[in-house]
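Heads up: take any position in the sequence shown, counting from 1, add 37, and you land on this note's numbering. Even for Gly, the Cβ is constructed at its ideal location relative to N, Cα and C. Since the structure is predicted, the reported quantities are computational estimates derived from the model, not experimental observations.
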Amino acid sequence: MKTILIQRGKYNPAIEAYSEPTDEPSQVDVFFEIQGGKEYIVKDIHFRGDVIFQETKLKKEMNIKIGGLFVKSTLQKDMDNLKDLYRSMGYQRVEIQAQEDFQEKNGFVSLVVDLEAHEKIDIIIQGAEVPLSLIRPIWETNIFMEWGIDQGKAKIIKYMHKKGYLFCSVRGSVAREENTIKIIYKVFPGDKYKINDIIFNKSEYFSPDELKSQLALGENAPLLSSITGDRLFELPSEIESLYETQGFPDTRIALNFRKYKKKIDAIFFIEEGVQNITKKISFKGAENVSTEVLLENIETFEGGPFYQPRVQKDTENLENLYLNMGYRGTEIKSSTEKTGENSFNIEFEVKEGERVRIKDIIITGNKTTRNNTILREVLFQPGDYARSDEIRNTKRRISNLGIFTKVTIEEIFLDQGWENLLISVKEGQRHYVSLGVGLETKNEPRSFQAWDSIIRPRGTAELIRGNIFGSGAQLSLVGQVSLREKRAALSWEQPYFFGIPIDTYLNAWLERESRTSYSFDRRGISLSVLKPIARDENKIFMFTLRFAQTSLFELKISESEVDRQHFPFSATSISGSIIWDKRDDSFNPGRGYFASTVLEWAYPLFHAESDYLKLFTKYQQFLPLLPKVTFSMTSRVGLGMGRMPIHERFFAGGSNSFRGTSFDELGPKDPLSLEPVGGKAIILVNFELTFPVTPKLENLYGAVFYDKGNVFYKRSQVDFKGLQDAVGVGFRYKTPLGPVRLELGWSFDAREGEKQPLVIIAIGHVF
Numbered sequence: 038m039k040t041i042l043i044q045r046g047k048y049n050p051a052i053e054a055y056s057e058p059t060d061e062p063s064q065v066d067v068f069f070e071i072q073g074g075k076e077y078i079v080k081d082i083h084f085r086g087d088v089i090f091q092e093t094k095l096k097k098e099m100n101i102k103i104g105g106l107f108v109k110s111t112l113q114k115d116m117d118n119l120k121d122l123y124r125s126m127g128y129q130r131v132e133i134q135a136q137e138d139f140q141e142k143n144g145f146v147s148l149v150v151d152l153e154a155h156e157k158i159d160i161i162i163q164g165a166e167v168p169l170s171l172i173r174p175i176w177e178t179n180i181f182m183e184w185g186i187d188q189g190k191a192k193i194i195k196y197m198h199k200k201g202y203l204f205c206s207v208r209g210s211v212a213r214e215e216n217t218i219k220i221i222y223k224v225f226p227g228d229k230y231k232i233n234d235i236i237f238n239k240s241e242y243f244s245p246d247e248l249k250s251q252l253a254l255g256e257n258a259p260l261l262s263s264i265t266g267d268r269l270f271e272l273p274s275e276i277e278s279l280y281e282t283q284g285f286p287d288t289r290i291a292l293n294f295r296k297y298k299k300k301i302d303a304i305f306f307i308e309e310g311v312q313n314i315t316k317k318i319s320f321k322g323a324e325n326v327s328t329e330v331l332l333e334n335i336e337t338f339e340g341g342p343f344y345q346p347r348v349q350k351d352t353e354n355l356e357n358l359y360l361n362m363g364y365r366g367t368e369i370k371s372s373t374e375k376t377g378e379n380s381f382n383i384e385f386e387v388k389e390g391e392r393v394r395i396k397d398i399i400i401t402g403n404k405t406t407r408n409n410t411i412l413r414e415v416l417f418q419p420g421d422y423a424r425s426d427e428i429r430n431t432k433r434r435i436s437n438l439g440i441f442t443k444v445t446i447e448e449i450f451l452d453q454g455w456e457n458l459l460i461s462v463k464e465g466q467r468h469y470v471s472l473g474v475g476l477e478t479k480n481e482p483r484s485f486q487a488w489d490s491i492i493r494p495r496g497t498a499e500l501i502r503g504n505i506f507g508s509g510a511q512l513s514l515v516g517q518v519s520l521r522e523k524r525a526a527l528s529w530e531q532p533y534f535f536g537i538p539i540d541t542y543l544n545a546w547l548e549r550e551s552r553t554s555y556s557f558d559r560r561g562i563s564l565s566v567l568k569p570i571a572r573d574e575n576k577i578f579m580f581t582l583r584f585a586q587t588s589l590f591e592l593k594i595s596e597s598e599v600d601r602q603h604f605p606f607s608a609t610s611i612s613g614s615i616i617w618d619k620r621d622d623s624f625n626p627g628r629g630y631f632a633s634t635v636l637e638w639a640y641p642l643f644h645a646e647s648d649y650l651k652l653f654t655k656y657q658q659f660l661p662l663l664p665k666v667t668f669s670m671t672s673r674v675g676l677g678m679g680r681m682p683i684h685e686r687f688f689a690g691g692s693n694s695f696r697g698t699s700f701d702e703l704g705p706k707d708p709l710s711l712e713p714v715g716g717k718a719i720i721l722v723n724f725e726l727t728f729p730v731t732p733k734l735e736n737l738y739g740a741v742f743y744d745k746g747n748v749f750y751k752r753s754q755v756d757f758k759g760l761q762d763a764v765g766v767g768f769r770y771k772t773p774l775g776p777v778r779l780e781l782g783w784s785f786d787a788r789e790g791e792k793q794p795l796v797i798i799a800i801g802h803v804f
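And the structure:
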């Protein structure tokens with residue numbers, strides 16, 4: 038605590054700790070009394086030594102200012118800033134230290150910054166464009182010249198290999214001029230080649246396809262190389278390591294090339310050597326666990342490859358097995374014996390520890406949360422064996438409640454095979470208030486409205502009260518206002534549904550929204566339950582029961598039985614959703630896939646007019662082709678039947694569906710007003726390629742895209758020949774909440790007089 042306070046500008050803090058007993062037996066509360074310490078004001082800053090810049094420039098690089106508060110951590114960052122300034126001028130080995138003179142009486146501190154520039158190091162690279170930032174870090178410390186030259190050559194060669202100059206060479210030399218050392222690299226790039234194919238010769242244990250799979254060399258796209266030049270030269274050691282894991286300690290790899298025009302085939306000649314085999318596995322001292330169970334928990338097997346690091350891993354697996362069975366203090370040692378030229382016996386010597394049971398479960402730190410809220414997440418009871426895997430999973434389950442900032446489970450050993458488990462929690466904040474202005478995406482991928490995705494400016498106010506009644510439940514009130522919509526929602530969330538561990542959501546809402554063809558008022562209530570499938574948190578099932586009443590106004594299409602102004606349309610529906618998310622990042626995915634299917638049935642219950650069935654499915658795939666180059670695809674198909682009013686039909690067009698038309702404009706139109714009417718069927722496919730634009734802006738990407746799809750008024754009208762096409766280009770700037778997009782889209786089927794191209798500014802992925 039003192040160190041943290043000093044780093045933040047509080048000097049000589051006084052900290053006292055004391056404890057007080059609580060109402061619970063064997064528990065105390067610990068209190069810390071903290072006197073923050075004295076603060077100091079910066080009186081002056083002086084520089085001495087190699088001052089090669091004007092002092093005003095040096096002070097400008099510092100965040101600590103004369104007359105400002107002195108903060109130790111800020112001073113440390115300032116020293117790094119000054120080092121970067123000197124290094125930008127070639128002084129790679131600069132040393133900078135600050136001396137502090139505290140004046141206790143008046144509360145000032147004087148700073149003296151010592152600057153020792155050392156010799157100037159001028160790095161010169163001739164013959165190729167190689168970023169100096171690749172080489173500069175090598176020379177920031179005192180090193181042997183020969184070693185530094187060799188390190189620089191290796192980095193340049195690897196860089197050139199990555200660019201396709203597979204047969205480049207580099208010469209390095211050193212020249213001294215007064216106080217300057219010139220490091221000169223002369224690059225001979227040679228011709229640039231594209232890697233056409235990778236061929237493995239004389240590989241018997243692995244087939245060529247198996248080697249490519251093990252080395253992750255599968256071709257991602259037919260027109261692009263699946264491997265870069267720098268990776269190509271790393272493959273020999275990777276192949277040798279792969280063979281070593283299969284018991285081949287003496288495998289040797291030779292890399293040759295076959296050139297034609299500007300392409301090459303890389304040919305790996307493999308000399309496998311002799312394989313080491315595990316002849317026999319035995320266990321000594323294992324009295325309470327059968328040999329069959331022990332063998333099931335190790336990777337090595339009799340007759341299989343012998344690999345010493347795998348034996349060490351097997352030892353750890355056996356130790357974990359005993360821990361998960363409730364044993365503590367078990368010791369396992371492995372020994373190997375060579376029984377032939379290439380065969381080995383393995384013996385595991387087991388010294389079994391004591392099997393421990395749980396006597397009591399003690400909970401501490403929960404001031405608001407009820408004990409039962411925590412205990413229902415516990416996977417064990419008093420009298421059970423202390424299984425380590427259950428203890429770990431219990432900690433994870435308690436953390437997943439989302440109401441604690443810290444959870445620990447401590448084992449307190451007693452005697453005669455018993456222990457107590459102390460569950461300590463630290464409760465987080467319960468009350469949240471937020472105000473915001475920004476852009477809203479009306480995208481609910483885990484509900485019956487998964488097909489609806491609209492982005493608009495909005496203002497938001499949110500009030501959340503967490504851990505209601507100490508049960509882990511949460512109550513939230515959200516209000517949203519935008520140019521075209523108003524919405525208020527009250528939500529109750531709890532981790533259990535009548536004692537069953539299922540996330541439960543009870544929502545009530547009022548909303549008003551203006552769409553292209555109509556506006557509506559809606560009020561409704563819904564009950565949703567969400568459950569991971571088969572302990573896989575990436576696969577989720579969601580069930581929703583909903584009642585909503587919708588009134589249309591400003592209707593711009595011809596009225597019908599279900600599309601009438603100022604006549605409330607009531608809908609009672611049940612829906613089931615399955616979501617499978619395997620993306621590496623939900624906001625900025627670079628690989629993986631996302632799949633969802635939603636089936637909604639609206640039936641005439643409680644005097645509701647609804648009587649329709651709706652199915653919507655979506656699949657996304659993100660495929661990395663090259664470093665930072667990603668190909669992405671999404672497909673969406675929706676089908677409906679029955680009496681579907683306009684606010685339940687499918688619409689498409691705009692920044693998040695079909696980028697060749699304006700919002701909602703894709704598909705059938707009213708014959709009189711020419712406004713979109715939506716449909717009972719939708720088919721959409723989006724293809725997109727993103728790539729980096731400039732190394733100086735690593736978050737800026739370019740994009741080209743192709744969209745194809747349409748909305749059909751009836752299912753019987755679905756015709757693949759009727760799908761429309763759009764292409765476009767754009768830029769992406771990656772942010773933590775998804776990319777900011779600027780796009781231009783052209784429709785192949787634009788009507789006469791329709792504005793082209795369509796300009797799109799949006800946040801988030803099109804999918």
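Subject >> Neighbourhood of Ser210 by C-beta distance below 6 Å, restricted to the same chain and skipping five residues each side >> reply: Ile221
Subject >> 8 Å Cβ shell around Glu596 - same chain, five flanking residues per side excluded >> reply: Gln602
Original post:
For Thr328, which residues from the same chain have a beta carbon less than 7 Å from its beta carbon, with the 5 sequence-adjacent residues on both sides left out?
Top reply: Phe320
Original post:
What are the boundary residues of the beta strand (DSSP E) that includes Pro209?
Top reply: Inspection of the sequence shows that residue 209 is occupied by Gly rather than by Pro. Here the beta strand (DSSP E) through Gly209 covers Ser206 to Glu214.
Original post:
Just how far apart, CA to CA, sit Ser170 and Ser125?
Top reply: 10 Å
Original post:
When DSSP labels each residue in this structure, what does His684 get in the three-state scheme?
Top reply: helix
Original post:
Taking the alpha helix (DSSP H) that Ile797 falls in, what are its first and last residues?
Top reply: Looking at the DSSP string, Ile797 is not in any alpha helix (DSSP H); the run it does join, the beta strand (DSSP E), is Leu795 to Ile800.
Subject >> Classification of Trp176 by the beta-carbon crowding that lies within 10 angstroms, buried from 16 upward >> reply: buried
Subject >> Buried versus exposed, by CB contacts within 10 Å (16 or more), Tyr542 >> reply: buried
Original post:
How is Val348 classed by DSSP in three states: helix, strand or coil?
Top reply: helix
Original post:
Sorted by chain position, which residues of the same chain lie with C-beta nearer than 6 Å to Ile505's C-beta, five sequence neighbours on each side aside?
Top reply: Leu512
Original post:
Grouping DSSP H, G and I as helix and E and B as strand, with all else coil, what is Gly561?
Top reply: strand
Original post:
What separation, rounded to the nearest whole angstrom, lies between the Cα atoms of Gln251 and Lys200?
Top reply: 25 Å
**OP:** May I ask you to list the residues that DSSP assigns as paired with Ser53?
**Re:** First, the residue type needs correcting, since residue 53 is Glu and not Ser in the sequence shown. In the DSSP output, where bridge partners are listed per residue, Glu53 has Glu70.
Subject >> Of the listed residues Gly627, Ile399 and Val444, nearest to Thr727 (C-alpha basis) >> reply: Gly627
**OP:** Could you tell me which uninterrupted beta strand (DSSP E) segments, each at least 3 residues in length, are contained entirely in the segment 355-408, listed from first to last along the chain?
**Re:** 368-375, 380-388 and 394-401
Subject >> First and last residue of the uninterrupted alpha helix (DSSP H) at Asp121 >> reply: Lys109 to Ser125
Original post:
Is it right to say Asn747 is buried, meaning 16 or more other beta carbons lie within 10 angstroms of its own, or is it exposed?
Top reply: buried
Subject >> Residue from Glu702, Ser692, Arg673 and Ser710 whose Cα sits closest to the Cα of Ala718 >> reply: Arg673
**OP:** Determine the closest residue to Ser556 out of Glu92, His684 and Ile78, with distance taken between C-alpha atoms.
**Re:** His684
Original post:
Nearest-angstrom Cα distance between Thr731 and Lys192?
Top reply: 21 Å
Subject >> Neighbourhood of Gly127 by C-beta, 7 Å cutoff - its chain only, sequence neighbours within 5 removed >> reply: Lys157, Ile158 and Asp159
Original post:
So what does Phe535 bridge to, in DSSP terms?
Top reply: Bridge partners of Phe535: none, in fact.
**OP:** Quick one: give me the first and last residue of the beta strand (DSSP E) that Val150 is part of.
**Re:** Phe145 to Glu153
**OP:** List the residues that DSSP assigns as beta-bridge partners of Met579.
**Re:** Leu567 and Ser614
Original post:
Around the C-beta of Glu241, are 16 or more other C-beta atoms found within 10 angstroms, so that it is buried, or is it exposed?
Top reply: exposed
**OP:** Drop a sphere of 10 angstroms on the beta-carbon of Ser372, count the other beta-carbons inside from all chains shown, and report buried for 16 or more, exposed for fewer.
**Re:** exposed
Original post:
Given that a residue counts as buried once 16 or more other Cβ atoms are within 10 Å of its Cβ, and exposed if not, what is Asn179?
Top reply: exposed
Original post:
Is the number of C-beta pairs between the segment 707-715 and the segment 605-621 that are closer than 8 Å three or more?
Top reply: no
Original post:
Per DSSP, what kind of secondary structure is Arg495 in: helix, strand or coil?
Top reply: strand
Original post:
Which whole-angstrom value describes the C-beta separation of Gln586 and Tyr630, a residue pair presumed to lie in contact below a C-beta threshold of 8 Å?
Top reply: With a Cβ gap of about 37 Å, Gln586 and Tyr630 do not count as contacting.
**OP:** Take Gly390 as the anchor and find which of Gln466, Glu780 and Ala323 has the nearest alpha-carbon.
**Re:** Ala323
Subject >> Strand pairing of Gly86, partner residues [DSSP] >> reply: Leu152
Original post:
What's the C-alpha gap between Ala571 and Met197?
Top reply: 48 Å
Original post:
Which residues in the same chain have their Cβ closer than 8 Å to the Cβ of Gln134, if we skip the five residues on either side of it in sequence?
Top reply: Met116, Val150 and Asp151
Original post:
At which residues does the beta strand (DSSP E) containing Lys298 begin and terminate?
Top reply: Looking at the DSSP string, Lys298 is not in any beta strand (DSSP E), and its letter there is neither H nor E.
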